[in-house]
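A.B. asks:
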Amino acid sequence: MAIPEELQPYAGRWVAFVQDRVAGVGATADEARASAQLARPKERARVEFVPEPFPHALPEIVARVCQALPDPGRVWLVGGPVRDLLLGRRFHDLDFAVDGDGLAAARRAAEALGAAFYPLDAERGVGRVVLPGNDETLTLDFARLRGPDLYADLAARDFTINALAVPLAAPDVLIDPLRGAADLRAKIIRVCAPAAIADDPVRAIRAVRLAAQLNFRLDPATRAAVKAEAASLNRVSAERQRDEFIRCLGGPNPAGAVRALDAAGLLAQIVPELAALKGVEQSPPHTLDVWEHTLDVLARLTDILAVLRPVHDVDAASDLTLGLLTVRLGRYRTQISAHLRQAVGGDRPAGWLLMLAALLHDAAKPATRSVDPDGRIRFFNHESEGATLTSQVLTRLRFSGDEIKRARAIVAEHMRPRQLSKEAAARNGEPSRRAVYRFWRDAGAAGVEIVLLSLADYLGKFGGGPPPQDEWAAHVAGCFKLLEAYYERRESQVAPPPLITGDDLMRALGLSPGPQVGRLLEAVREAQATGEVADREAALDYAKRMTGRS
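Numbering of the sequence shown is given in the working numbering, commencing with residue 122 and proceeding in unit increments.
1) When the Cα atoms are used, what is the spatial distance from F337 to D364?
2) Excluding five sequence neighbours on each side, which residues of the same chain lie with their C-beta closer than 8 Å to the C-beta of D205?
3) In the DSSP assignment, find the unbroken alpha helix (DSSP H) run with P406 in it and report its ends.
4) Skipping 5 residues on each side, what residues in its chain have a beta carbon closer than 7 Å to that of A144?
5) Going by DSSP, what residues sit across from D214 in a beta bridge?
6) Starting from F366, follow the alpha helix (DSSP H) in both directions and report where the run begins and ends.
7) Can the beta-carbon of I282 be found less than 9 Å from the beta-carbon of I326?
8) In chain order, which continuous runs of the beta strand (DSSP E) of length 3 or greater are located wholly inside the stretch 259 to 292?
9) From this set, H596, A546, R555 and W135, which residue's C-alpha is nearest A606's C-alpha?
10) Taking 8 Å as the limit between beta carbons, can you name the residues of its chain near A276, skipping five residues before and five after?
11) If we call anything under 9 Å between Cβ atoms a contact, is E173 one with L259?
12) Hey, out of F366, G201, T516 and E609, whose CA is closest to L305's CA?
13) Check whether the stretch 608 to 628 and the stretch 576 to 589 touch, using three or more Cβ-Cβ pairs below 8 Å as the test.
14) Any idea what DSSP makes of P589, helix, strand or coil?
15) Okay, do the stretch 539 to 549 and the stretch 496 to 514 touch, 3+ Cβ pairs below 8 Å being the bar?
16) At the level of alpha carbons, what is the spacing between S85 and P588?
17) Expressed to the nearest angstrom, what Euclidean distance is found between the alpha-carbon atoms of L266 and V219?
18) Since I believe T455 is in contact with P431 (beta carbons under 8 Å), could you give me their beta-carbon distance rounded to a whole number of angstroms?
19) Indicate whether the contact test is met: 3 or more Cβ pairs, each with one atom in the stretch 460 to 478 and one in the stretch 519 to 537, closer than 8 Å.
20) Whose C-alpha, out of V418, A230 and R245, is nearest the C-alpha of V251?
21) According to DSSP, A564 sits in a beta bridge with which residue or residues?
22) Which value, in whole angstroms, describes the spacing of the CA atoms of P393 and R154?
23) Would you tell me roughly how many angstroms separate the C-alpha atoms of E612 and R646, rounded to the nearest one?
24) Run the CB neighbour count on S358, radius 10 Å, all protein chains shown included, and call it buried at 16 or more, exposed below.
25) Using DSSP's beta-bridge definition, name the partner residues of A397.
26) Touching or not, the stretch 422 to 430 and the stretch 508 to 518, by the rule of three or more beta carbon pairs under 8 Å?
27) Going by C-alpha to C-alpha distance, which of H433, K348 and T408 sits closest to G386?
28) If L354 and P375 are in contact, beta carbons under 8 Å, what's the gap, nearest whole angstrom?
29) So is Q140 buried or exposed if we call it buried at 16+ other beta carbons inside 10 Å?
30) Go ahead and label Q590 buried or exposed: buried means 16 or more other beta carbons lie within 10 angstroms of its beta carbon, across all protein chains shown.
31) Name the one or two DSSP bridge partners that R499 has.
32) Considering Cα atoms alone, identify which of L450, A594, T343 and R452 is closest to A317.
33) Between the C-alpha atoms of R368 and A378, what's the straight-line distance to the nearest angstrom?
34) Straight-line CA distance for A564 to L370?
35) Check the C-beta distance from A485 over to A530 and give it rounded, since I have them as a contact under 8 Å.
36) Suppose you measure from the CA of L382 to the CA of D320; what does that come to, to the nearest Å?
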């Protein structure tokens with residue numbers, strides 16, 4: 122849709138017309154109307170928004186959606202995907218506003234794309250299309266307009282940078298009545314309306330998330346509204362708090378997001394248990410209190426994951442500390458990335474849950490702190506107590522049972538790889554096959570995350586400074602052996618196939634069903650992993666020796 126030549130000077134502005142002639146211009150409809158009233162006080166003005174050129178090509182999938190709909194002139198691509206196109210960022214979902222039945226539009230699109238259709242909210246006319254891809258799933262949401270027209274819908278949104286629309290029937294123009302594109306250029310998060318956050322307090326978390334994700338800043342009015350409405354989060358369901366909060370941790374700067382949430386008073390509403398970490402001192406080599414150490418661990422974990430991605434920052438990997446990590450563990454970057462992308466519960470990937478576990482990994486230190494007579498500070502059993510606390514936090518935030526189990530395991534075992542590395546270094550060797558097997562037996566599916574958190578936790582002792590290189594090298598070597606066993610020797614060292622069954626044991630040893638049978642099977646399995654047992658006969662002989670029946 123070409124913008125008429127005579128209106129091009131007003132692109133991105135509201136224009137008031139009297140008898141089809143421009144009588145007033147403004148940044149808002151009210152400003153344009155007031156301007157026209159000053160010029161033509163006795164005549165009634167008609168106000169319209171003049172769109173501006175949209176300089177980006179829409180993704181091919183949008184054209185396919187357009188072809189599938191009977192009236193694409195009543196459908197717009199809106200919100201985050203338009204924002205991300207303007208910023209040159211990748212997007213993972215598409216949002217469409219429909220002047221009509223969003224459910225029907227979603228169903229039509231799903232049929233045309235050969236994708237799955239889900240009715241999300243029949244009352245509000247919201248439907249979802251899920252289109253699996255080779256690397257990731259694309260989600261398309263269709264929603265009926267929230268208001269009498271598109272402009273009312275955009276005005277009811279959260280932030281100006283999300284109040285953007287591109288007509289499917291005219292993909293070369295941008296509808297931006299709240300000047301969101303200008304805020305994008307200025308790197309500002311600004312509410313669409315003064316009451317935007319009071320109307321929906323979860324937007325306070327979203328404001329912080331977007332600022333951290335995009336490296337933007339909140340404008341003063343938005344910042345004040347976020348702080349003013351922090352206590353109102355108790356009006357928001359735990360599920361909605363969870364969804365925004367975990368996305369903060371899944372962004373490019375989780376440490377910055379958590380610090381900003383804390384400064385705004387939001388973190389105290391979401392995870393009040395973390396307030397106790399502030400000011401809790403730790404003995405050397407720690408240089409930070411528990412709170413600052415926790416934030417540093419989040420930052421170090423972000424750095425580690427960045428250099429272990431298939432597409433990674435070469436400059437960051439050239440750092441001495443991270444470079445050693447890249448050399449030893451880089452061969453598993455594809456497997457690690459795939460593991461962290463896997464959903465643990467719902468659509469939340471394991472990588473996000475890892476960040477949440479990292480945030481909570483030392484949460485029990487204040488309650489377990491003790492001081493020896495020589496002044497050494499200790500936190501006995503903080504990992505097991507922390508696992509219990511983690512379960513409580515995730516249960517309150519309505520995470521799934523699988524997510525709670527995974528996060529609990531990460532926190533409970535986060536010190537284990539470092540202990541294995543220290544024991545191996547003391548012997549001038551590497552972790553034993555028995556130690557490696559027992560680690561994976563206890564860690565289960567959380568083992569990869571535990572290794573990564575252990576590395577970040579070690580670096581977090583030094584407050585951003587370099588670690589002792591010999592200790593760091595030993596720890597990286599130990600973590601390498603754990604990952605090597607998991608990714609290259611799983612069948613022999615991590616999960617050997619059973620050589621015998623419980624029935625075999627009971628027949629050969631004359632045992633009755635009971636716990637002893639399970640213990641013997643586990644002992645045989647461990648002996649397989651260590652190389653002591655290789656076949657069925659050896660497995661039975663081993664069990665006989667274990668029971669004194671050889």
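We treat Cβ as the ideally placed atom computed from N, Cα and C, and that holds for glycine.
C.D. replies: Inspection of the coordinates gives the following:
1) 21 Å
2) R211 and F212
3) No alpha helix (DSSP H) holds P406; DSSP gives it neither H nor E.
4) Within the same chain, A144 has close Cβ partners A137, F138, A157, A160, R161 and A166.
5) T260
6) A359 to L370
7) no
8) Correct list: 259 to 265 and 286 to 288.
9) R555
10) G268, A284, P298, L299, C313 and A314
11) no
12) G201
13) no
14) coil
15) no
16) Nothing can be reported for residue 85, as the shown portion of the chain is limited to 122 through 671.
17) Cα atoms of L266 and V219: separation of roughly 6 Å, rounded to the nearest angstrom.
18) The beta-carbon separation of P431 and T455, rounded to 6 Å, stays under the 8 Å limit for a contact.
19) yes
20) A230
21) None; A564 has no bridge partner.
22) In a straight line, the C-alpha of P393 is about 48 Å away from that of R154.
23) 11 Å
24) exposed
25) A397 is not bridged to any residue.
26) no
27) Closest by alpha carbon: K348.
28) In fact, because the Cβ distance is near 19 Å, the residues do not count as touching under 8 Å.
29) exposed
30) The residue in question, Q590, is exposed, as its Cβ has fewer than 16 Cβ neighbours within 10 Å.
31) S491
32) T343
33) 10 Å
34) Going from the Cα of A564 to the Cα of L370 covers about 23 Å.
35) Rounded, the Cβ-Cβ distance is 15 Å, inconsistent with contact.
36) 19 Å
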